[in-house]
Amino acid sequence: MSSGRPVVAVGALGGTIASSSTDGSAVVPTLSAERLAEAVPGLVESAAVHAETLAMLPSPSLDEPTVLRALCWAREQVDGGAVGVVLTQGTDTLEETSYLLDLFWDRPEPLVVTGAMRSPQSAGADGPANLLTAVRTAVAPASRDRGVLVAFDDELHQARWVAKTDSVATGAFRSPVFGPLGRYVEGEALYGAPARHPVPVELPDLRTRLEEPLPRVPLVVTHLGDKGEVLDVVTAAEPDGIVVGGFGAGHVSAEMAEVVGRAAVAVPLVFASRTGAGPTGRAMYGYPGSEVDLVRRGAIAAGWLSPFKARLLLWTLLLTGETDGERLRAAFADRGAP
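Given below as structure tokens:
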């Protein structure tokens, strides 16, 4: 605590929220965490902010080790007395990084991820408002025990369901399946009905684990006329697991189903719906390439998880050493459910 104000740690990873240009050309990440915090009106009244720059990257260049190092930093901050943590980053990968953090976040204190669609030099820059929302959300007692939250455009989302649904709009983030978890109104984080937060995965010792080869889990999205040629090439590269983004409720062509069956014998293979909302099917269709057929061939259904979130869950489970097919299937049945 400082001067009676709760401490919130703000870690910056780069992205549009931290981007600027000195000559009027295209912007790049340049602004430190301290400068981001200093530019937000009302922030110092909300909390005693400890700001630290963790990386200075555009979000497409973020990777799993960088995110897990940020996770360790966030855990250290709350263990040191912070009532919550905010991470700022670019929006392109935010729906994935927030879920990876959520899989391991085992503290009751809020971990809130935010960013911006417009750079600080743009008219109507949204970064300051999003950062203020995130910090005040991190301070709010009602935000505790909810896992990782995404604060954007005055809405609060559960990391498991949030998605970037527009390439340029300031309201780009939505939770297409179940809607936002809460809203930020007149300086207050307000929540509806409590949402289930699955038990966090136990974080391995990253000092040694990140020095070892990390799981390789490619994502293959099917398309009209797909006969599985790309999936065959991917399987031949001997990855540790594969995720397939299927049509509708997780379907593929009859020809691709044969390839899925061969791949599922070699490595854990998960299929998800590429639609952006709705689960994989369970028992509605039985034709070759349907959900029933793919499960029969050894594939694992992702449930309500998008292909991107399903890939991160499989990657996380493999990182911890889990390879047993039945336990993987049980994990997806649990974490892929509402």
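Position 117 of the sequence shown, counting from 1, maps to 1413 under the numbering used here, and the rest follow consecutively. Just so it is clear, CB atoms sit at the ideal spot from N, CA and C, and this is done for glycine as well.
Listed as beta-bridge partners of residue 1452 by DSSP are 1447, 1478. Nearest neighbour of residue 1372 by Cα position, chosen from 1415, 1344, 1306, turns out to be 1306.
Residue environment analysis places residue 1592 among the exposed positions, since fewer than 16 neighbouring C-beta atoms fall within 10 angstroms of its C-beta. Taking 9 Å as the cut-off, the Cβ atoms of residue 1343 and residue 1366 do not count as close. Contact between the stretch 1417-1432 and the stretch 1489-1499 is absent, with fewer than three C-beta pairs closer than 8 Å.
In the pairwise beta carbon analysis, the stretch 1609-1627 is classified as not touching the stretch 1574-1581: fewer than three pairs are separated by under 8 Å. Comparing alpha carbon positions, the residue from 1400, 1604, 1313 closest to residue 1324 is 1313. For residue 1504, there is no enclosing beta strand (DSSP E); the residue is part of the alpha helix (DSSP H) that begins and ends at 1502-1505. As a beta-bridge residue in DSSP terms, residue 1410 pairs with 1384. In terms of Cβ geometry, residue 1368 and residue 1510 do not form a close pair [threshold 9 Å]. For residue 1552, the uninterrupted alpha helix (DSSP H) segment begins and ends at 1550-1562. Sequence-distant partners of residue 1605 (beyond 5 residues in either direction) whose C-beta falls short of 6 Å from its own C-beta, in its chain, are 1395. Taking each of 1442, 1537, 1547, 1311 in turn and checking the Cα distance to residue 1486, the smallest one comes out for 1442. Per the DSSP secondary-structure output, residue 1487 pairs in a beta bridge with 1478.
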